[in-house]
Amino acid sequence: MSAVMTPEDVVPLHLADVTYPSQHPLAGQTGVVLGFAIRHASGILLVDTGIGEGNDWIDENYRPVRRAVRDALTAAGLDPDEVRAIINTHLHFDHCGQNRAFPGVAIVTQRAELEAARSEGSPIRDWVDFPGVAHVPVDGDGEIAEGVSVLATPGHTIGHQSVTVRAGDGLVLIVGQAAQDARSFATGAADDSIRRLRELNADRIHFSHDRAVLRRRR
Ligand SMILES: [Zn+2]
Numbered sequence: 001m002s003a004v005m006t007p008e009d010v011v012p013l014h015l016a017d018v019t020y021p022s023q024h025p026l027a028g029q030t031g032v033v034l035g036f037a038i039r040h041a042s043g044i045l046l047v048d049t050g051i052g053e054g055n056d057w058i059d060e061n062y063r064p065v066r067r068a069v070r071d072a073l074t075a076a077g078l079d080p081d082e083v084r085a086i087i088n089t090h091l092h093f094d095h096c097g098q099n100r101a102f103p104g105v106a107i108v109t110q111r112a113e114l115e116a117a118r119s120e121g122s123p124i125r126d127w128v129d130f131p132g133v134a135h136v137p138v139d140g141d142g143e144i145a146e147g148v149s150v151l152a153t154p155g156h157t158i159g160h161q162s163v164t165v166r167a168g169d170g171l172v173l174i175v176g177q178a179a180q181d182a183r184s185f186a187t188g189a190a191d192d193s194i195r196r197l198r199e200l201n202a203d204r205i206h207f208s209h210d211r212a213v214l215r216r217r218r
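Be aware that the sequence shown starts at 1, since it is given in my numbering, and climbs by one per residue.
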């Protein structure tokens with residue numbers, strides 16, 4: 001594989017559909033849960049892992065239709081055994097739920113996010129910490145592999161992070177859930193994190209809960 005990535009090396013993975021519960025701002029609507037595989041010269045970097053199994057509260061409230069992340073990788077023509085790192089945008093149940101499918105693989109999360117998940121008595125503690133887990137907490141922005149960086153974009157959670165991928169002379173941005181969807185990212189009210197992400201002027205922009213992909217006109 002060439003060391004120079006292209007925008008097609010960021011592969012969206014459809015990991016689940018949920019139905020939002022009555023107490024949620026999007027009550028009654030269904031929503032998509034996406035993860036992303038970054039095909040990197042050193043292996044696959046996986047951004048978020050979808051929803052795990054075995055949590056009755058989540059199953060009752062969100063009625064998830066989930067897909068095993070390893071199956072999603074295989075369906076995309078990727079080898080799950082080549083995942084060399086997981087990047088969690090944040091530690092909500094629909095973003096880190098299948099980290100457990102990759103014991104021993106480094107999990108890159110903002111330290112503030114990991115500490116909050118542990119101290120708040122998260123309902124999914126066993127999805128965050130499990131036998132063989134290999135957390136690699138980071139503080140703020142940083143390049144985690146050549147051309148792949150995390151950007152601290154707090155707001156949705158205290159330690160939310162977004163991901164950028166250098167693709168040739170362009171840039172691919174994985175917003176995560178710093179914005180709920182493409183429309184609100186492009187035209188909605190912006191907090192500091194969204195302003196910062198907009199200023200990157202990325203060529204392609206992906207979201208965790210919206211299949212739409214924003215493309216910059218050249
Ligand atoms: Zn979230």
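Where a beta carbon is used, it is the ideal one built from N, C-alpha and C, also for glycine.
Check: Pull every residue with its beta-carbon under 5 Å away from any heavy atom of ligand 1, and keep them in chain order.; Outcome: His92, Gln177
Check: At the level of alpha carbons, what is the spacing between Leu46 and Asn61?; Outcome: 27 Å
Check: Alpha carbon to alpha carbon, how far is Gly176 from Gly155? Give it in angstroms, no decimals.; Outcome: 12 Å
Check: Rounded to whole angstroms, what is the Cα-Cα separation between Gly170 and Asp139?; Outcome: 26 Å
Check: For Asp17, which residues does DSSP report across the bridge?; Outcome: Val32, Val65
Check: Assign Met1 to one of three DSSP states: helix, strand, or coil.; Outcome: In this prediction, Met1 scores a pLDDT of 49, lower than 50, which makes its location untrustworthy; no coordinate-derived value is stated.
Check: By the three-class DSSP mapping on this structure, what secondary structure does Ile194 have?; Outcome: helix
Check: Tell me, which residues are paired with Val150 by DSSP?; Outcome: Gly142, Val163
Check: Consult DSSP for Pro221 and reduce its assignment to one of helix, strand or coil.; Outcome: Examination of residue 221 is not possible in this model, given that the chain is present from 1 through 218 alone.
Check: For Gly28 and Ala3, I'd like the C-alpha separation in whole angstroms.; Outcome: 44 Å
Check: With respect to the alpha helix (DSSP H) encompassing Val128, which residues constitute its N-terminal and C-terminal limits?; Outcome: 125-128
Check: State yes or no: is the C-beta of Thr187 nearer than 6 Å to some heavy atom of ligand 3?; Outcome: Inclusion of ligand 3 in the displayed structure is not the case, the ligand content consisting of ligand 1 alone.
Check: Just the Cα atoms here: how many angstroms apart are Ser193 and Gln161?; Outcome: 9 Å
Check: CB-CB under 6 Å to His90, same chain, minus the five flanking residues each way: which ones, in chain order?; Outcome: Glu113, Thr157, His160
Check: Distance check for Val150 and Gln180, CA to CA, integer angstroms please.; Outcome: 18 Å
Check: Which one or two residues does DSSP pair with Leu173 in a beta bridge?; Outcome: Thr164, Ile205
Check: Need the endpoints of the beta strand (DSSP E) that Leu46 sits in, please.; Outcome: 43-47
Check: State buried or exposed for Gln23, treating a residue as buried only when at least 16 other CB atoms are found within 10 Å of its CB.; Outcome: exposed
Check: Judging by CA-CA distance, which residue of Ala72, Phe93, Ala41 is the nearest neighbour of Arg84?; Outcome: Ala41
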